[in-house]
Structures are given as C-alpha cells and as structure tokens.
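Chains as they are written, first to last, in my numbering: chain A, 71 to 176; chain B, 71 to 176.
Glycine is no exception: its CB is placed at the ideal position from the N, C-alpha and C atoms.
Note that the structure is predicted; figures quoted are calculated from it, not measured.
One structure is given below, encoded as structure tokens.
Protein chains: 2
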Amino acid sequence: MDNSISRIQGAITRNSELFEEVSDLFKIFGDSSRLKILCALTQSDMCVSEISEFLSITQSAVSHQLRILKTSNLVKTRRVGKNIIYSLADQHIKTIIDCGMEHVSE
Amino acid sequence: MDNSISRIQGAITRNSELFEEVSDLFKIFGDSSRLKILCALTQSDMCVSEISEFLSITQSAVSHQLRILKTSNLVKTRRVGKNIIYSLADQHIKTIIDCGMEHVSE
DNA sequence: TGAATATATGAACAATTGCTCATATATGGA
DNA sequence: TCCATATATGAGCAATTGTTCATATATTCA
C-alpha cells in the first residue's frame, strides 16, 4: 500500500468524529425548508410568522425547523414585542450557502 | 409588509427548484460515509476496494454510495486493469468540504 | 388580571435513507 | 474460452426525518 495513501487513511480514521460533525452540519443544509429559512435570514432578520408566511410553510413546521437550527447554533433569537426575531448566528453560514449555490450553477 | 422583504420572498418562491437542487447537493455531503469517500478522493484517486479498505466500509456499501456520488456528478470513473478508479469530478467539491470543515472548527 | 396572540412542543405517520446479505455482471488474464 | 476477481445491484429492514394536527406555553397589552 502506498505510504501517502495510508497516511490519508489514518487521518480520516482518527478524525471520525470530525466527519460526523461536518456531515451533520451539511445535513442541516440538506433540507430545502431549512435552506430557504437560512437563505431568507441571510437577507433579513425575521420572526416566525414572517418566515412562515413568506415561505408558505406551516408555522409549526417552521418552528420545528428553527429549533433544529437553533440547537445547531446556526441561528439566534431576540424578542421584540410579541415576536421572536430569528437571525443568523454568524455570516459564515451565507458563505456555505453561496458555496453550494455556485456549484449548482456551474 | 416591508418592500425589500417581499422581494426576497419572491426570489425564494420563484427559485424553488434551485433550492431543491442546492439542498440535494448538501444532502449528499450530509452523510459521513459519503463525506469520507469524497475527502479521501480529495487526496488521491482510488478504486472501490481501496476505498472500502481504507474507510472500513463494506464493499457493497461503498458501491452504493459511489453510485449516488456518480449520479450526482460528483465523481467520475476510469478503468485501469481490473479496477475502476474513482476520482472527484471537479475541484470545487474540495472547496465545499473545506467550507464545512472551517465552520465546524471555528 | 385576563384575553389575545405568538411561538413551541409532542405524538403519530408516511417517506426516505443507508446498511446488509445474497447474488448478478463484467472484465482481465491465463 | 474459462476462471478469478472487481464491482454493481436488488430486496429487505431498521433507523431517521419532516410534516401535520392538536395543544401547551408564554408574553404582551388593554
């Protein structure tokens, strides 16, 4: 077996947890509802009912997905009056989305 | 409703198919087996049995995943002797993986 | 405080997914 | 041509996922 290749194997095997983490991250972007939500938040912070209305997704479905996004630290919240405003946790999220967009429209 | 926000809504609604495509792309990166395979191929072209051995994944499982990767045009193949050598279809794939890796190790 | 409203949550269900096991296919080389 | 080997494929199954429906929770504001 080629030496450099066996080094790769080692790297991948040893970092098995890293691959879980990264694939879990991609998994979150791998649902169109979540992707749309994230993309919407890329342009403007929004409350749950706004997101729901804009994307024509049930309020419940949006809430469920937002919980996943929040648990994964991709979005954060703040209260304004009666509403909970969701926003992206950081700008790198947009980078990831753009990265995928670019690949699709090659 | 704010005008700029309604513009976003239009953009997302009209490009519903785009979001399906992009989320389908991320979905592929969203499985650790596939991610490992892609990552391995980032470093070196490999045949099926090599991938299988390196990642300690069944030959069958690898084959199944490779078919998905090939159908999605993420990998391409060439025959060398008895083996089918798999390689990345393009270098942008590495960019996407790196993008995810970076986010995880923030 | 009480009603109205916004958001969250839980159970249930259908659909999808990734694996295994068995086996088919196809190619190279003797 | 025939065998050995490499890869692909199909069925079946358990696990996971995303949605809906019903309802709980919580906060604002009159």
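Selected residue, minimal CA-CA separation from residue i, among the options
| i | options | result |
| --- | --- | --- |
| N143 of chain A | A:E123, A:C169, A:Q161 and A:A131 | A:Q161 |
| I82 of chain B | A:S86, A:K106 and A:M116 | A:K106 |
| L22 of chain B | A:C169, A:V174, A:N85 and A:S175 | Since the first residue shown for chain B is 71 and the last is 176, residue 22 of chain B is missing from the structure and cannot be characterised. |
| M171 of chain A | A:K97, A:E91, A:L158 and A:C109 | A:C109 |
| K152 of chain A | A:C117, A:T141 and A:I121 | A:C117 |
| S122 of chain B | B:K140, B:S103 and B:I138 | B:S103 |
| L136 of chain B | B:E87, B:D101, B:K164 and B:I167 | B:D101 |
| S157 of chain A | A:T165, A:S93 and A:L111 | A:L111 |
| K146 of chain B | B:D115, B:D94 and B:E87 | B:D115 |
| K164 of chain A | B:R149, B:H134, B:L95 and B:H173 | B:H173 |
Spatial neighbours of residue i in its chain, beta-carbon cut-off 7 Å, leaving aside the 5 residues before and after
| i | result |
| --- | --- |
| Q113 of chain B | none |
Boundaries (first-last residue) of the alpha helix (DSSP H) holding residue i
| i | result |
| --- | --- |
| T128 of chain B | It is not in any alpha helix (DSSP H) - T128 of chain B carries neither H nor E in the DSSP assignment. |
| D94 of chain B | S86 to F99 |
Helix, strand or coil at residue i [DSSP, three-state]
| i | result |
| --- | --- |
| S114 of chain B | coil |
| D160 of chain A | coil |
| K146 of chain B | strand |
Cutoff 9 Å: residue i Cβ touching any chain A Cβ
| i | result |
| --- | --- |
| H134 of chain B | no |
| C58 of chain B | In this structure chain B extends from 71 to 176, so residue 58 of chain B is not present and cannot be described. |
| K106 of chain B | yes |
| S126 of chain B | yes |
| G170 of chain B | yes |
| I102 of chain B | The residue you asked about is not Ile; residue 102 of chain B is Ser in the sequence shown. Yes - at least one Cβ of chain A is within 9 Å of the one on S102 of chain B. |
| K152 of chain B | no |
| I155 of chain B | no |
Cβ shell of residue i (< 8 Å), same chain only, five flanking positions each side left out
| i | result |
| --- | --- |
| E90 of chain B | none |
| I138 of chain B | I98 and R104 |
| S119 of chain A | Q129 and N153 |
Residue i at chain B interface by Cβ criterion, 9 Å
| i | result |
| --- | --- |
| T141 of chain A | no |
| A110 of chain A | yes |
| S93 of chain A | yes |
| S86 of chain A | yes |
| K97 of chain A | yes |
| V145 of chain A | no |
| I82 of chain A | yes |
| I166 of chain A | yes |
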